[in-house]
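Numbering (the working numbering), first residue to last: 10 to 451.
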């Protein structure tokens, strides 16, 4: 942050405001990593001095990149981009951020002007060229605990303001009653697809007050059950609620997609495929459904169909976002005996994720079937090295956690490492030291 820090000051925002014509917008990126909440708040405060209306967007919950859109006038819902009115190149680019429809576009919003104002008030300092608040505070955070989680705690605390914004954005005649509840429920499901439970929960609370039906119950069930990861029956319970929602609202894309996803997660691949096909009747060509379809087809061994689907998905912009697509396509190629394609696709995957033992093993098998003994031997050596690298990274994480004082969590992680590799002597020694009540040495 020390280099571009002067792009986050009161003076810079004043210059930007003077340069903009009426109705102009300033889009400002702010990092949430290595940036403590008080530093982020100081940027908010400096920005609000020139732009009273600031909205915060993120590609997904927990993402460490926040985009602030600042204006001197409040927005209304008519200003919001509708998916079907966006130019095709814009839609193709948004796919790379996991945005596939209008509800996905709306679910990028995490902060309203009221939320930004509340967060800005948490610090008495507006970042400026004179006080260099962010420039001095930012580097210190490089050596402290990660700042992403506490920043998101602050953002999540503003979730009800986002829910209120979306309820107020509904047409005046549709802000009450079951229709409003269903609209908020659909949006809650869109936020859940981005793992934004706080906003989804706030939307559900408002929807429940509007005579919500099965769709609202489905959204609430997902919020509740995702929070209760210890419940072994949570997926089965969620599937039952989603079936009710789909039966009551057969035109709900979100409910049908989530039901297909839950069925897939339950290893009920044929049921997942049935709901995917129904969803594709609602939205022909939907990339999110087709991506899930590829996975379900692989699960039931329908390799030829999976290969056809993989080829089509690899020709879309989804390949730029979902690099696991290369691995799934490689599995489809393997199921249909296309070993040369397996080699090409696995190598593309490994170019991004070199520490992947399973993929190196698959590459070795394919090369062996093609008669390349030398290449297969090297791939197997790489698989062993990738496994060692993976365990070494886990070991270093466990040591760091132990040194920060989280002894029980470190013990659990070290036990997992020793289970994966009983011959990992250093991890076993660290585990024995912690279990005997001693501290680790640097």
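Idealized CB from N, CA, C, for every residue including glycine.
Please read these numbers as outputs of a predicted model, since none were measured by experiment.
- In terms of Cβ geometry, residue 281 and residue 269 form a close pair [threshold 9 Å].
- Membership of residue 93 in any alpha helix (DSSP H) is not indicated, and neither H nor E is assigned to it by DSSP.
- For residue 74, the enclosing beta strand (DSSP E) starts and ends at 74-80.
- The C-beta distance from residue 212 to residue 175 rounds to 7 Å, short enough to meet the 8 Å contact threshold.
- For residue 84, the three-state secondary structure derived from DSSP is coil.
- Within the DSSP bridge table, the entry for residue 39 names 75 as partners.
- Distance from the CA of residue 36 to the CA of residue 143, rounded to the nearest whole angstrom, comes to 19 Å.
- Around the CB of residue 441, fewer than 16 other CB atoms lie within 10 Å, so the residue is classed as exposed.
- If you ignore the 5 residues before and after residue 300, its C-beta comes within less than 8 Å of the C-beta of 322, 327, 331, 334, all in its own chain and listed in chain order.
- Of the residues 83, 64, 107, 138, the one whose Cα lies closest to the Cα of residue 295 is 107.
- Only residues of its own chain outside the window of five on either side were considered, and among them 63, 125, 126, 129 have a CB closer than 7 Å to the CB of residue 57, listed in chain order.
- As the crow flies, the alpha-carbon of residue 20 is around 12 Å from that of residue 54.
- A distance below 9 Å separates the beta carbons of residue 223 and residue 258.
- Leaving aside the five residues that flank residue 308 on each side, the residues in its chain whose CB is nearer than 6 Å to its CB run, in chain order, 278.
- Here residue 419 has 407, 410, 411, 443 as same chain residues with Cβ atoms under 7 Å from its own Cβ, once five neighbours each way along the sequence are excluded.
- Setting aside the 5 residues that flank it on each side, residue 341 is surrounded in the same chain by 303, 306, 307, 312, 315, 316, 318, 319, each with a C-beta closer than 8 Å to its C-beta; the list follows chain order.
- In this structure, residue 132 sits near residue 47, with a CB-CB distance shorter than 9 Å.
- For residue 118, the enclosing beta strand (DSSP E) stretches over residues 118-120.
- Two segments are said to touch when three or more pairs of C-beta atoms, one from each, lie closer than 8 Å; by this definition the stretch 145-161 does not touch the stretch 189-198.
- Distances from the CA of residue 85 to each of 32, 423, 140 were compared; the closest alpha carbon is that of 32.
- With 16 or more other CB atoms across the displayed protein chains lying within 10 angstroms of its CB, residue 167 is buried.
- Residue 381 and residue 89 have their C-alpha atoms roughly 56 Å apart.
- Under a 10 Å Cβ-count criterion, residue 422 is classified as buried, with 16 or more other Cβ atoms of the shown protein chains found around its own Cβ.
- In the three-state scheme derived from DSSP, where H, G and I count as helix and E and B as strand, residue 63 is classed as strand.
- Residue 112 and residue 431 have their C-alpha atoms roughly 48 Å apart.
- When DSSP states are grouped into helix, strand and coil, residue 152 belongs to the coil group.
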